[in-house]
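> The listed protein sequences correspond, in order, to chains V and Y. All you need for our numbering is the position in the first sequence, starting with 1, plus 7. All you need for our numbering is the position in the second sequence, starting with 1, plus 7. Don't be surprised by glycine CBs; every beta carbon is placed ideally from N, CA and C. I'd like to ask you about the structure that follows.
Number of protein chains: 2
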Amino acid sequence: MAKEGADMTEETECMIDKNSAKDAGSVEAPGGGKEMRAVMLAGFGGLNKLRVTKKAMPEPQDGEVKIRVKACGLNFLDLMVRQGNIDNPPKPPLVPGFECCGIVESVGEKTKGFEIGDRVMAFVNYNAWAEVVCTPVDFVYKMPDEMTFPEAAAFSLNFVAAYMMLFEVANLREGMSVLVHSAGGGVGQAVAQLCATVPKVTVFGIASCFKHSAIKDSVTHLFDRNIDFMQEVKKISPDGVDIVLDCLSGENTGKCLSLLKPLGTYILYGASNTVTGETKSFFSFAKSWWQVEKVNPIKLYEENKVIAGFSLLNLLFKQGGCSLVKKVMDKLLCLYAQKKIRPVVDSLWALEEVKEAMQRIHDRGNIGKLILDVEKSPTPLMASDSTETSEAGEEEEEPEGDNDNKERMPFIH
Amino acid sequence: MAKEGADMTEETECMIDKNSAKDAGSVEAPGGGKEMRAVMLAGFGGLNKLRVTKKAMPEPQDGEVKIRVKACGLNFLDLMVRQGNIDNPPKPPLVPGFECCGIVESVGEKTKGFEIGDRVMAFVNYNAWAEVVCTPVDFVYKMPDEMTFPEAAAFSLNFVAAYMMLFEVANLREGMSVLVHSAGGGVGQAVAQLCATVPKVTVFGIASCFKHSAIKDSVTHLFDRNIDFMQEVKKISPDGVDIVLDCLSGENTGKCLSLLKPLGTYILYGASNTVTGETKSFFSFAKSWWQVEKVNPIKLYEENKVIAGFSLLNLLFKQGGCSLVKKVMDKLLCLYAQKKIRPVVDSLWALEEVKEAMQRIHDRGNIGKLILDVEKSPTPLMASDSTETSEAGEEEEEPEGDNDNKERMPFIH
Numbered sequence: 008m009a010k011e012g013a014d015m016t017e018e019t020e021c022m023i024d025k026n027s028a029k030d031a032g033s034v035e036a037p038g039g040g041k042e043m044r045a046v047m048l049a050g051f052g053g054l055n056k057l058r059v060t061k062k063a064m065p066e067p068q069d070g071e072v073k074i075r076v077k078a079c080g081l082n083f084l085d086l087m088v089r090q091g092n093i094d095n096p097p098k099p100p101l102v103p104g105f106e107c108c109g110i111v112e113s114v115g116e117k118t119k120g121f122e123i124g125d126r127v128m129a130f131v132n133y134n135a136w137a138e139v140v141c142t143p144v145d146f147v148y149k150m151p152d153e154m155t156f157p158e159a160a161a162f163s164l165n166f167v168a169a170y171m172m173l174f175e176v177a178n179l180r181e182g183m184s185v186l187v188h189s190a191g192g193g194v195g196q197a198v199a200q201l202c203a204t205v206p207k208v209t210v211f212g213i214a215s216c217f218k219h220s221a222i223k224d225s226v227t228h229l230f231d232r233n234i235d236f237m238q239e240v241k242k243i244s245p246d247g248v249d250i251v252l253d254c255l256s257g258e259n260t261g262k263c264l265s266l267l268k269p270l271g272t273y274i275l276y277g278a279s280n281t282v283t284g285e286t287k288s289f290f291s292f293a294k295s296w297w298q299v300e301k302v303n304p305i306k307l308y309e310e311n312k313v314i315a316g317f318s319l320l321n322l323l324f325k326q327g328g329c330s331l332v333k334k335v336m337d338k339l340l341c342l343y344a345q346k347k348i349r350p351v352v353d354s355l356w357a358l359e360e361v362k363e364a365m366q367r368i369h370d371r372g373n374i375g376k377l378i379l380d381v382e383k384s385p386t387p388l389m390a391s392d393s394t395e396t397s398e399a400g401e402e403e404e405e406p407e408g409d410n411d412n413k414e415r416m417p418f419i420h
Numbered sequence: 008m009a010k011e012g013a014d015m016t017e018e019t020e021c022m023i024d025k026n027s028a029k030d031a032g033s034v035e036a037p038g039g040g041k042e043m044r045a046v047m048l049a050g051f052g053g054l055n056k057l058r059v060t061k062k063a064m065p066e067p068q069d070g071e072v073k074i075r076v077k078a079c080g081l082n083f084l085d086l087m088v089r090q091g092n093i094d095n096p097p098k099p100p101l102v103p104g105f106e107c108c109g110i111v112e113s114v115g116e117k118t119k120g121f122e123i124g125d126r127v128m129a130f131v132n133y134n135a136w137a138e139v140v141c142t143p144v145d146f147v148y149k150m151p152d153e154m155t156f157p158e159a160a161a162f163s164l165n166f167v168a169a170y171m172m173l174f175e176v177a178n179l180r181e182g183m184s185v186l187v188h189s190a191g192g193g194v195g196q197a198v199a200q201l202c203a204t205v206p207k208v209t210v211f212g213i214a215s216c217f218k219h220s221a222i223k224d225s226v227t228h229l230f231d232r233n234i235d236f237m238q239e240v241k242k243i244s245p246d247g248v249d250i251v252l253d254c255l256s257g258e259n260t261g262k263c264l265s266l267l268k269p270l271g272t273y274i275l276y277g278a279s280n281t282v283t284g285e286t287k288s289f290f291s292f293a294k295s296w297w298q299v300e301k302v303n304p305i306k307l308y309e310e311n312k313v314i315a316g317f318s319l320l321n322l323l324f325k326q327g328g329c330s331l332v333k334k335v336m337d338k339l340l341c342l343y344a345q346k347k348i349r350p351v352v353d354s355l356w357a358l359e360e361v362k363e364a365m366q367r368i369h370d371r372g373n374i375g376k377l378i379l380d381v382e383k384s385p386t387p388l389m390a391s392d393s394t395e396t397s398e399a400g401e402e403e404e405e406p407e408g409d410n411d412n413k414e415r416m417p418f419i420h
């Protein structure tokens, strides 16, 4: 499966072309405006829709900061965006990515609270995976001095989402129990750490077997993804659990609801079960919408149960939730300063390695967060020795050479 | 519409017969066991299914107390029970009623924590509307010295339900807003008082116009039941509200969900819209189940919303929630001692007046709680001068003379 340079597609060549220009920083575009490197999604579909290209560098508007990006977070949602498998996706071509961190390079007029040189982390409504990002100050937070850039890129989305689900939506208190699917992922690890800040909280985690030794100390009980978790949880806690955090959706929802204690809360914060192959038809989102089990409020009344949905990005960018998120971020930075929480970084990838990184999160190979490190050079291609396989490769619609198992060694943090 | 004694039905005579025996307390039954007066529901249906009869007096089992009842609470749920319009109703004949208060007359073996003479309030899984009630100590709470029996009968269910919805399910905090349907009812008034214990909470209340002068000081904004409350709330709070408490269900659910702010919580705690006439077919419950709008969890995810159901009686009697309720009751008794909350009693009725009392709650004529006062003598029948009309009389299936507008003057507390 090893790929030689001679087999490289045009895109891969293009990436390497950009690499050589990288250390020179931003370049002057033919028109006189500055350019930057960015990951571009040419259209919805498979990994082959992604490439690193040059793009006009944005300048900050009123109330915005311009960030020289050091690192970006890669989330499962980015896969769903790549496939167009979300509600009302923007039209490609687009630059993906919802979070990044770096150094303030300039500020727009009327921009208050930030100065050139500030180390910051930020949420962005797309366009995060680039060398430079401009975003309103409402979505920007100062980084603690002791926080590294990879940590900052792993911090914002996962910890804010975990905190808001546990404490704003579900009201986690002493002695409660929490079940988290994908305990080994970025949100899962943040949930585990935040649960540990409350006395006597029991955390049931579900994760693939190969992650167990790495994450077993972060949760109280750990189950393999392939077993009947319902039965295992009930063996330990016959009454069920107080909070279920589910990013899978689909058939899972009904099972999880039945695991809730009275007054328990089920929170859906993703729908990764809708991603089964590398590419999806454009009807996937509609299909997943209809296939998920609808809930009758009268059943909730009889059973004393709570069902919630949580989307941090919708809260931030569609629903005006930035001041609430700011308060949560302040609390999280306190916990970070007290060393009660610390982001778990799975691996660092160059922008040019975004496909490999996406494949890793698709295969659920990660423990903690995948980071795009803007200053990292791509690791040379190597023979594939991965023992992990894509569970859903059979659904690929556009098999191209570029999607083969071309492996690089990730830089494990 | 005046009814003369000559028109009395057999039941009404029976009631009056019991009245004459009432002051003598419990009577010796023919078999030697003691008897007591109780309200009996002969079968599911209209008001004519209710009568006051003699019944063998219960004796306390292990862990139970025997309560000489002074007053009982009447709730909208009792109407739904009468109609058989609940999930898995018990088989009639049965004694209705879920809450009462009185004095401990004896205790069972192994019963701890209560002594003869204690003034107590209690939840009961049916059988509350009787002169004597036996119930496990798990559901019994000591009354504060300064609390009257009518207050106690108005306290338990309404305040526990209101507290748990606001603070256990929805996590009410400073600055939030709450919309409560039926603001004039027992739960509505409890919700308004509990909201006033938290700084800067805005309460939107909906109630029939004729209640407005009586309850206008208890809420921030009061709307008439017949107007478009959605529009009125949005005029004042364009972003919507944080918490909606709905006891109506049906079409209302979708409207209420759309009124929620991001991260807002909708709680369904009753389905009084399913009660439209005096009697219902046995398919009513199933019908209401299917007619209520189902909720798609993915929609909750996109909109960041929470939907919950709350049934205190299911929590207590089906789901083992008594220790949680005990903690809530302790907090409520603290608030009562601090004079921050005080039950609102609408009116007191003799057991023999249960039909009139039920008609009043059916017509939503009450402001606060209706109480059955076990020691009260029925008020003599009087000419009907009521200006209130049953909104749904046209659905009556079994019109009988006994159901006509026979009015007594309620004793307004």
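#1: Taking contact to mean at least 3 C-beta pairs separated by less than 8 Å, is the stretch 95-105 of chain V in contact with the stretch 205-221 of chain V?
#2: With a 10 Å radius around its C-beta and 16 neighbouring C-beta atoms as the bar for buried, classify residue 327 of chain Y as buried or exposed.
#3: Mind the definition here: the stretch 343-358 of chain V touches the stretch 373-380 of chain V only if three or more C-beta pairs lie below 8 Å; say whether that holds.
#4: Determine which residues of the stretch 304-337 of chain Y have a Cβ less than 8 Å from any Cβ of chain V, and write them out in chain order.
#5: By Cβ distance, which residues of its chain are closer than 6 Å to residue 112 of chain Y, with the 5 residues on each side in sequence left out?
#6: Would you verify that the beta carbon of residue 260 of chain Y is, or is not, closer than 8 Å to some beta carbon of chain V?
#7: Quick check: what's the CA-CA separation for residue 253 of chain V versus residue 139 of chain V?
#8: Compute the Euclidean distance between the alpha carbons of residue 324 of chain Y and residue 200 of chain V, then round it to the nearest angstrom.
#9: Could you give the first and the last residue of the continuous beta strand (DSSP E) run that contains residue 41 of chain Y?
#10: Of all the CB atoms in chain Y, is at least one closer than 8 Å to the CB of residue 269 of chain V?
#11: Could you confirm whether any beta carbon from chain V is found closer than 8 Å to the beta carbon of residue 346 of chain Y?
#12: Examine the Cβ distances between the stretch 141-158 of chain Y and the stretch 172-183 of chain Y and report whether three or more of them are shorter than 8 Å.
#13: Taking 8 Å as the threshold (C-beta atoms), are residue 159 of chain Y and residue 193 of chain Y in contact?
#14: Excluding the 5 residues preceding and the 5 following residue 50 of chain V in the sequence, name in chain order all residues of the same chain whose CB lies nearer than 7 Å to its CB.
#15: What does residue 94 of chain V touch in chain Y if you count any residue whose Cβ is under 8 Å from its own?
#16: For residue 374 of chain Y, does the count of other Cβ atoms within 10 angstroms reach 16, so buried, or fall short, so exposed?
#17: Who does residue 62 of chain Y pair with in a DSSP beta bridge?
#18: What did DSSP end up calling residue 155 of chain Y once you bin it into helix, strand or coil?
#19: Just the Cα atoms here: how many angstroms apart are residue 29 of chain Y and residue 135 of chain Y?
#20: For the beta strand (DSSP E) holding residue 130 of chain V, just list the boundary residues, first then last.
#21: Which residues, in order along the stretch 170-191 of chain Y, keep a beta-carbon less than 8 Å from a beta-carbon of chain V?
#22: What residue range does the alpha helix (DSSP H) around residue 219 of chain Y cover?
#23: How is residue 249 of chain V classed by DSSP in three states: helix, strand or coil?
#24: With burial defined as no fewer than 16 other Cβ atoms inside 10 Å of the residue's Cβ, what is the status of residue 235 of chain V: buried or exposed?
#25: If the cut is a Cβ gap below 9 Å, which residues of chain Y does residue 276 of chain V touch?
#26: Can you list the residues of chain V that residue 299 of chain Y reaches, using a CB-CB cut of under 7 Å?
#27: Which same chain residues end up closer than 6 Å to residue 227 of chain V when comparing Cβ atoms and leaving out the 5 residues on each side of it in sequence?
#28: Please return the same chain residues whose Cβ sits closer than 6 Å to the Cβ of residue 17 of chain V, not counting the five positions on each side in sequence.
#29: Do you know offhand how far residue 272 of chain Y's Cα is from residue 364 of chain V's?
#30: At the level of alpha carbons, what is the spacing between residue 344 of chain V and residue 128 of chain Y?
#31: From this set, Y:156, Y:250, Y:90 and Y:70, which residue's C-alpha is nearest residue 202 of chain Y's C-alpha?
#32: Three-state secondary structure (DSSP) at residue 138 of chain Y?
#33: Is the beta carbon of residue 105 of chain Y less than 8 Å from the beta carbon of residue 114 of chain Y?
#34: Which residue wins for smallest C-alpha separation from residue 185 of chain V, given the options V:94, V:264 and V:145?
Result, derived from the coordinates:
#1: Segments in contact, no.
#2: Taking the second sequence and counting its residues from 1, the one referred to as residue 327 of chain Y is at position 320. By the neighbour-count criterion, in which a residue is buried when 16 or more other Cβ atoms sit within 10 angstroms of its Cβ, residue 327 of chain Y is exposed.
#3: Segments in contact, yes.
#4: For the stretch 304-337 of chain Y, residues whose beta-carbon sits nearer than 8 Å to a beta-carbon of chain V comprise 304, 305, 306, 307, 308, 309, 310, 311, 312, 313, 314, 315, 316, 317, 318, 321, 322, 326, 327, 328 and 331.
#5: Here residue 112 of chain Y refers to the residue found at position 105 when the second sequence is read from its first residue. Excluding residues within five positions, the ones whose Cβ falls inside 6 Å are 73 and 75.
#6: As a position in the second sequence, residue 260 of chain Y is number 253, starting the count at 1. True, the Cβ-Cβ gap to chain V drops below 8 Å.
#7: On the first sequence, residue 253 of chain V is found 246 positions in, with the first residue counted as 1. On the first sequence, residue 139 of chain V is found 132 positions in, with the first residue counted as 1. Distance between the alpha carbons of residue 253 of chain V and residue 139 of chain V: 33 Å.
#8: Counted from its first residue, the second sequence places residue 324 of chain Y at position 317. Counted from its first residue, the first sequence places residue 200 of chain V at position 193. Distance between the alpha carbons of residue 324 of chain Y and residue 200 of chain V is about 36 Å.
#9: Translated into positions along the second sequence, residue 41 of chain Y becomes position 34. For residue 41 of chain Y, the enclosing beta strand (DSSP E) has its first and last residue at 41-48.
#10: As a first step, residue 269 of chain V is located in the first sequence; it is residue number 262 there, counting from the start. So, interface residue.
#11: Stepping through the second sequence from its first residue, residue 346 of chain Y is reached at position 339. It does not: the Cβ of residue 346 of chain Y has no partner Cβ on chain V nearer than 8 Å.
#12: With a cut-off of 8 Å, the stretch 172-183 of chain Y and the stretch 141-158 of chain Y do not count as touching, because too few Cβ pairs lie within range.
#13: As a position in the second sequence, residue 193 of chain Y is number 186, starting the count at 1. As a position in the second sequence, residue 159 of chain Y is number 152, starting the count at 1. No, Cβ-Cβ distance for residue 193 of chain Y and residue 159 of chain Y is not below 8 Å.
#14: Walking along the first sequence from the start, residue 50 of chain V turns up at place 43. Within the same chain, residue 50 of chain V has close Cβ partners 56 and 99.
#15: As a working note, residue 94 of chain V is residue 87 in the first sequence. Within chain Y, the residues near residue 94 of chain V are 309.
#16: Along the second sequence, one-based indexing puts residue 374 of chain Y at 367. Under this definition residue 374 of chain Y is a buried residue.
#17: For the purposes of this step, residue 62 of chain Y is taken as residue 55 along the second sequence, with counting starting at 1. Beta-bridge pairing links residue 62 of chain Y to Y:43.
#18: Taking the first residue of the second sequence as position 1, residue 155 of chain Y is located at position 148. For residue 155 of chain Y, the secondary structure class from DSSP, reduced to helix, strand or coil, is coil.
#19: Within the second sequence, numbered from 1, the residue matching residue 29 of chain Y stands at position 22. Within the second sequence, numbered from 1, the residue matching residue 135 of chain Y stands at position 128. Any reading at residue 29 of chain Y needs caution, since the residue's pLDDT is 41, under 50, leaving its predicted position unreliable; the model's value is listed next. Distance from the CA atom of residue 29 of chain Y to the CA atom of residue 135 of chain Y, rounded to whole angstroms, is 17 Å.
#20: Within the first sequence, numbered from 1, the residue matching residue 130 of chain V stands at position 123. Start and end: 126-130.
#21: Sequence-ordered contacts of the stretch 170-191 of chain Y with chain V read 171, 175, 176 and 178 [C-beta pairs closer than 8 Å].
#22: Position 212 of the second sequence, counted from the start, is the residue given in the question as residue 219 of chain Y. For residue 219 of chain Y, the uninterrupted alpha helix (DSSP H) run begins and ends at 219-222, by DSSP.
#23: On the first sequence, position 242 is the one that residue 249 of chain V refers to. Here residue 249 of chain V sits in strand by DSSP.
#24: Counting from one through the first sequence, the residue named residue 235 of chain V turns up at place 228. By the 10 Å Cβ count, residue 235 of chain V comes out exposed.
#25: Taking the first residue of the first sequence as position 1, residue 276 of chain V is located at position 269. Simply 308.
#26: As a position in the second sequence, residue 299 of chain Y is number 292, starting the count at 1. Residues of chain V passing the Cβ test: 303, 304 and 305.
#27: The residue labelled residue 227 of chain V in the question sits at position 220 within the first sequence. Cβ neighbours of residue 227 of chain V beyond the five flanking positions: 209 and 210.
#28: As a working note, residue 17 of chain V is residue 10 in the first sequence. No answer about residue 17 of chain V holds up, because its pLDDT of 42 lies below 50 and its placement is not dependable.
#29: The residue labelled residue 272 of chain Y in the question sits at position 265 within the second sequence. The residue labelled residue 364 of chain V in the question sits at position 357 within the first sequence. For residue 272 of chain Y and residue 364 of chain V, the distance between alpha carbons rounds to 37 Å.
#30: Walking along the first sequence from the start, residue 344 of chain V turns up at place 337. Walking along the second sequence from the start, residue 128 of chain Y turns up at place 121. If you take the alpha carbons of residue 344 of chain V and residue 128 of chain Y, they lie about 49 Å apart.
#31: Numbered from its first residue, the second sequence carries residue 202 of chain Y at position 195. Comparing Cα positions, the closest option is Y:250.
#32: Here residue 138 of chain Y is taken as the residue at index 131 of the second sequence, counted from 1. DSSP places residue 138 of chain Y outside both helix and strand once states are collapsed to three, so it counts as coil.
#33: Numbered from its first residue, the second sequence carries residue 105 of chain Y at position 98. Numbered from its first residue, the second sequence carries residue 114 of chain Y at position 107. In this structure, residue 105 of chain Y keeps its C-beta atom at 8 Å or more from the C-beta atom of residue 114 of chain Y.
#34: One-based indexing of the first sequence puts residue 185 of chain V at position 178. Minimum Cα distance to residue 185 of chain V is reached at V:264.
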